[in-house]
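K.L.:
Take a look at the following structure, please.
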Amino acid sequence: MVSYVVRRLLAALPVILLILVVSFLVLHLAPGDPVTFYIQGGTGTTEEFVAAIRESLGLDKPLGVQLALFLGNAVRGNLGYSFYYHDSVAHVIGARMGVTSLLVFLAVVLASGGGIVLGVLAGTHPYSTIDRVNTFVAVVGYSIPVFWLGQLLVLLFAIRLKLLPTGGIPISALGQGGVGNWARSLVLPVLAVGLMQLALIARITRANMLEILGADYITAARAKGLKESVVIFKHALRNAILPVVTVINLGLGSLLTGAMVTETVFSWPGLGRMMLDSLLRRDYPVLMGLLIVMSVGVVILNLVTDILYVYLDPRIVYR
Amino acid sequence: MTRVRGLRALRRRNAPGFEFWRRFRKNRGAVAGLLFLLLIAILALLADIVAPNDPMTPGVGDRLEAPGSAFPMGTDNLGRDILSGVVHGARVSLVIGITAASISALIGTLMGAASGYFGGAVDEILMRVCELFQSMPRFLFALVIVVFFGNSIWNVVLVLGILSWTRTGRLVRAEFLRLRGSDFVVAAKASGASEWRIIVRHVFPNVVHIIVVTTSLEVGDVILAEAGLSFLGAGDPNLMSWGRMLYTAQRYLRTAWWFSVFPGMAIFLTILALNLFGDGLNDALNPRLRRVAAE
Chain A
-13 MVSYVVRRLL AALPVILLIL VVSFLVLHLA PGDPVTFYIQ GGTGTTEEFV AAIRESLGLD
47 KPLGVQLALF LGNAVRGNLG YSFYYHDSVA HVIGARMGVT SLLVFLAVVL ASGGGIVLGV
107 LAGTHPYSTI DRVNTFVAVV GYSIPVFWLG QLLVLLFAIR LKLLPTGGIP ISALGQGGVG
167 NWARSLVLPV LAVGLMQLAL IARITRANML EILGADYITA ARAKGLKESV VIFKHALRNA
227 ILPVVTVINL GLGSLLTGAM VTETVFSWPG LGRMMLDSLL RRDYPVLMGL LIVMSVGVVI
287 LNLVTDILYV YLDPRIVYR
Chain B
14 MTRVRGLRAL RRRNAPGFEF WRRFRKNRGA VAGLLFLLLI AILALLADIV APNDPMTPGV
74 GDRLEAPGSA FPMGTDNLGR DILSGVVHGA RVSLVIGITA ASISALIGTL MGAASGYFGG
134 AVDEILMRVC ELFQSMPRFL FALVIVVFFG NSIWNVVLVL GILSWTRTGR LVRAEFLRLR
194 GSDFVVAAKA SGASEWRIIV RHVFPNVVHI IVVTTSLEVG DVILAEAGLS FLGAGDPNLM
254 SWGRMLYTAQ RYLRTAWWFS VFPGMAIFLT ILALNLFGDG LNDALNPRLR RVAAE
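Protein chains in written order, with our numbering: chain A, -13 to 305; chain B, 14 to 308.
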C-alpha cells in the first residue's frame, strides 16, 4: 500500500512538472508586455524606468533562464510575486482559496449525498414516480450550463420569491451576518455547482442498485430472513456506491471550473474572480500560480480518491 | 406486382444503415433530439432570413423591452432584438461545436490509432501526453489562451479542439489495442498487407462507430465550453453568441429575466438534444456496448 502511494506520487511528478512548463510557455509566449500593464497609470515613465522595472521583475532574462528560475522557485514553494497585489502569489491565492474550496467541498457533499439517496430510491423502486424524477434530474442536470442554472436560481429564489440572497457572503463576513445568513447565502451557489455531479451519481447509483439487487448474494441475504433495509443499506449499497468515488474523481476538474464560473454569478470573491481580474491585468505570476494550484490540486485529489478506493473496496489490490 | 414490392422491401432491408435506423428510431428521446438539432441547424443556416432583425444593431426597440408581439423574446440593454440574437447565436454555437469537435476527433483518432496499434514506446509517450492534457484544467487553459492570444472565433475553435482530444484518443487506443491481435488483422498481415493498409482498411472501419459517438457528445461539451468562455467575457466580440448574451444579462437579472432565460434555454435545449442524440447513436451503433445506465 505504502509503496503504491509512493509510486503514484513519483509518477505524478513528471505530469506536474510538465504542467508547470506548459503554463509558463503559454503565458510567456503570449503577445502583450506585462510591464506596460504593471506601470499603467504611472506618469512620466522613462525608458530607463521601464528597463529597471523589467529587470526587477526578471523579465529581461532569456526565456530559458526565466523558466529555470521559475521552476527552481516553484519547487521550493515560491510561486513568485504578484505585479498587482504586491504580495507573494502563494499568499494571495491562499487568501482566496477558502471560498472556492468551500464551494467545491459543499458541492461534492450535496452531489454524493443527494445523488446516492436519489439513486437508491430510484433503483429500489424502478419505474415509479421517484424513478421518473431521477431520470428527469439526470437528463436536465447533465445538460444545463452551470452559469445559467445559477442565473435561473437567482431569478426564481432570490428575485421572484425573495427567499434567499442573490450574492454570497464571504467567509470573512461570517461574524457580521451570523451563521444563518451565511448558510442561506450558500444554498444557491452550492446547488448550481453540485447539480451536474448529483445527476451523474444518481444515474450510476440507480443502475448499480438495479444490477446488484438481482445478484445471488442479495437473494441469499433475503433468504436468511434479513430485514429489507439491512439488505439494501448494508449489502447492496456498499457495493453500489463504489463507482461514486470514480465519478467524483473524474468530475473534480469540472467542479472546479464550475465553481469558478458560479462565483461570477453570485459575485463571490474566490479564485474565479481573481483569475478574471488577473487576466485583465496581465498579472502573470498570479495566473501561473492559479493554473498550477488548480492542475496540481486536481492531480493530488485524483490520487486521494484512488487511495480511498482501496479502503472502500478490499477486492482491489494495488501492487 | 407483389413480387416486385417484396424484392424492393428486401433490398431496402439489406441497405446499409437500415438496421441502424431501425434501432435508432425506437429511442424516442434520440429521435426528438435529432429533430431539434435539425431545427437548430436550419435556423443557423437561414439565420439572415429567419431572424427578424440584425442581432448587433442597437435600438431596433426600446432598452430592455419585455417580450411582446414586436419582440417575442424582448430586447437587451441596448435595445437589440433577443430573438435575432438567439437565432444568430445558433450559428456561432454550431460552427464552433462541429469544427472544434472534428479537430479533436482527428487528433484523437491519430493519437489513439498510433498508440494502440504500435504499442511499446510510441504508446508510452503518447499516453503520457494524453495524461498531461487530461490533468490540465481544459477550461482554464482555454480561457488564458483565448484572452492572451486573441478571442476570434477561430482561436476559440482551435484551442477547444486541441484541448479536447483525450477522450477520443483513449477510446480509439483501447479499440486498436483490442483489434490488432484479432484474426482478421493477422490474416491481413499474413497476406502481405502493409501496416498502413491494415490500419486504414481493416482496423479503422471497426472503430468508426466509437469515433462518431464520442464526437457527437464532444460537440455538446465544446458548445458548453464556448458558452462558458463567452459568459466570462472571453468570446468573440464581433459575434452574437448565447454565452455572450448571458454575460451581459448577468447585470440585468433584476430588471430583465427574459434576457437570461431565452439564450440560456437555447444552450440547454441544444446540449440536451445532443446528449439524447448521442445516447441513441451509441445504443444503435454499439448494441453490444450498450451502457447499463441507459437501461
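Glycine included, every Cβ here is placed at the ideal spot set by N, Cα and C. All figures in this text were calculated on a predicted structure; none of them were measured in a lab.
Might you give, ordered along the chain, the residues of its own chain that have their beta carbon closer than 6 Å to the beta carbon of I280(B), omitting 5 neighbours on each side?
P.N.:
Closer than 6 Å at Cβ, skipping near neighbours: A240, W255.
K.L.:
Looking only at its own chain, which residues have a Cβ that is under 6 Å from the Cβ of N225(A), when we skip the five neighbours before and after it?
P.N.:
Here the set comprises I198.
K.L.:
Count the C-beta pairs between the region 194 to 211 of chain A and the region 118 to 137 of chain A that are closer than 8 Å, then say yes if the count reaches three, no if not.
P.N.:
Counting Cβ pairs under 8 Å, fewer than three are found: no touch.
K.L.:
Identify the contact partners of A240(B) in chain A, using a Cβ-Cβ distance below 7 Å as the criterion.
P.N.:
Chain A residues near A240(B): P131.
K.L.:
With 8 Å as the threshold, decide whether the Cβ of V284(A) is near any Cβ in chain B.
P.N.:
It does; some Cβ of chain B falls within 8 Å.
K.L.:
So who's on the other strand from D202(A), going by DSSP bridges?
P.N.:
Looking at the DSSP assignment, D202(A) forms no beta bridge with any residue, so it has no partner.
K.L.:
Hey, does I5(A) have any beta-carbon neighbour from chain B nearer than 8 Å?
P.N.:
Yes, I5(A) lies at the interface with chain B (some Cβ there is under 8 Å from its Cβ).
K.L.:
Run the CB neighbour count on T70(B), radius 10 Å, all protein chains shown included, and call it buried at 16 or more, exposed below.
P.N.:
Exposed: under 16 other Cβ atoms inside 10 Å.
K.L.:
If you follow the alpha helix (DSSP H) that I130(A) is part of, which residue opens it and which one closes it?
P.N.:
Looking at the DSSP string, I130(A) is not in any alpha helix (DSSP H), and its letter there is neither H nor E.
K.L.:
Roughly how many angstroms separate the alpha carbons of Y130(B) and F189(B), rounded to a whole number?
P.N.:
Approximately 5 Å, taken between the alpha carbons.
K.L.:
What are the complete alpha helix (DSSP H) segments, minimum 4 residues, inside the region 217 to 291 of chain A?
P.N.:
Counting whole runs of 4 or more residues, the region 217 to 291 of chain A contains the alpha helix (DSSP H) stretches 223 to 226, 228 to 251, 257 to 267.
K.L.:
Quick check: the Cα distance between V213(B) and D234(B), rounded to an integer number of angstroms?
P.N.:
Roughly 28 Å separates the two Cα atoms.
K.L.:
Using 8 Å for Cβ pairs, my map puts G42(B) next to L289(B). What's the rounded Cβ distance?
P.N.:
Contact holds; Cβ gap of about 4 Å.
K.L.:
Do A188(A) and G105(A) come within 8 Å of each other at the CB atom, strictly closer than that value?
P.N.:
Yes.
K.L.:
Use the C-beta contact count for P271(A): other C-beta atoms within 10 angstroms, 16 or more gives buried, fewer gives exposed.
P.N.:
P271(A) should be labelled buried.
K.L.:
Can you find the residues in the same chain that come closer than 7 Å, C-beta to C-beta, to V63(B), ignoring five residues on each side of it along the sequence?
P.N.:
These residues qualify, in order along the chain: L56, V100.
K.L.:
Just checking: is the beta-carbon of N288(B) within a distance shorter than 8 Å of some beta-carbon in chain A?
P.N.:
Chain A, which has a Cβ nearer than 8 Å to the Cβ of N288(B), makes this yes.
K.L.:
Apart from the five residues on each side of it in sequence, which residues of its chain come closer than 6 Å, Cβ to Cβ, to L238(A)?
P.N.:
Excluding residues within five positions, the ones whose Cβ falls inside 6 Å are V284, L287.
K.L.:
Run through the DSSP bridge pairs and tell me what S74(A) is partnered with.
P.N.:
Looking at the DSSP assignment, S74(A) forms a beta bridge with Y67(A).
K.L.:
Using a Cβ distance threshold of 8 Å, determine whether the region 126 to 144 of chain A contacts the region 212 to 219 of chain A, with at least three qualifying pairs required.
P.N.:
The answer is no - the region 212 to 219 of chain A does not touch the region 126 to 144 of chain A, with fewer than three Cβ pairs under 8 Å.
K.L.:
Please confirm whether G44(A) and L55(A) have their CB atoms less than 8 Å apart.
P.N.:
For G44(A) and L55(A), yes; Cβs fall inside 8 Å.
K.L.:
Hey, does N299(B) have any beta-carbon neighbour from chain A nearer than 8 Å?
P.N.:
With 8 Å as the cut-off, N299(B) does not count as an interface residue toward chain A.
K.L.:
For S253(A), I'd like the list of residues in its chain whose CB is within less than 6 Å of its CB, leaving aside the five on either flank, ordered along the chain.
P.N.:
These residues qualify, in order along the chain: G153.
K.L.:
Hey, would you say L173(B) sits closer than 8 Å to A83(B), going by beta carbons?
P.N.:
No, Cβ-Cβ distance for L173(B) and A83(B) is not below 8 Å.
K.L.:
Note the first and the last residue of the continuous alpha helix (DSSP H) segment covering T152(A).
P.N.:
It is not in any alpha helix (DSSP H) - T152(A) carries neither H nor E in the DSSP assignment.
K.L.:
Can you tell me which residues form a DSSP beta bridge with T86(A)?
P.N.:
BP columns for T86(A) are empty, so no partner.
K.L.:
If you pair each beta-carbon of the region 199 to 207 of chain B with each one of the region 139 to 146 of chain B, do three or more pairs fall below 8 Å?
P.N.:
The region 199 to 207 of chain B is not in contact with the region 139 to 146 of chain B.
K.L.:
Is the beta carbon of L184(A) closer than 8 Å to that of V90(A)?
P.N.:
For V90(A) and L184(A), no; Cβs fall outside 8 Å.
K.L.:
For a contact defined as C-beta to C-beta under 7 Å, what are the partners of L56(B) on chain A?
P.N.:
Here the premise fails: no neighbours, minimum Cβ distance about 19 Å.
K.L.:
Just to confirm before moving on: does the CB-CB distance between L77(B) and P85(B) stay below 8 Å?
P.N.:
No, they are not a contact pair.
K.L.:
If L298(B) and V226(B) are in contact, beta carbons under 8 Å, what's the gap, nearest whole angstrom?
P.N.:
With 8 Å as the limit, L298(B) and V226(B) qualify as a contact, their Cβ atoms being about 6 Å apart.
K.L.:
Where in the region 182 to 221 of chain B do unbroken runs of the beta strand (DSSP E), each at least 3 residues long, occur, reported from the N-terminal end onward?
P.N.:
Fully enclosed beta strand (DSSP E) runs of 3 or longer: not present.
K.L.:
DSSP on T228(B), reduced to helix/strand/coil?
P.N.:
Note: T228(B) maps to helix in three-state DSSP.
K.L.:
Along the region 251 to 272 of chain A, what residues have a CB closer than 9 Å to any CB found in chain B?
P.N.:
So the close ones are V251, G258, M261, L262, L265, L266, R268.
K.L.:
Could you pull out every residue in the same chain whose Cβ sits closer than 7 Å to the Cβ of Q147(B), ignoring the five residues on either side in sequence?
P.N.:
Here the set comprises T179.
K.L.:
Taking only beta-carbon positions, decide if L153(B) is within less than 8 Å of chain A.
P.N.:
Yes - at least one Cβ of chain A is within 8 Å of the one on L153(B).
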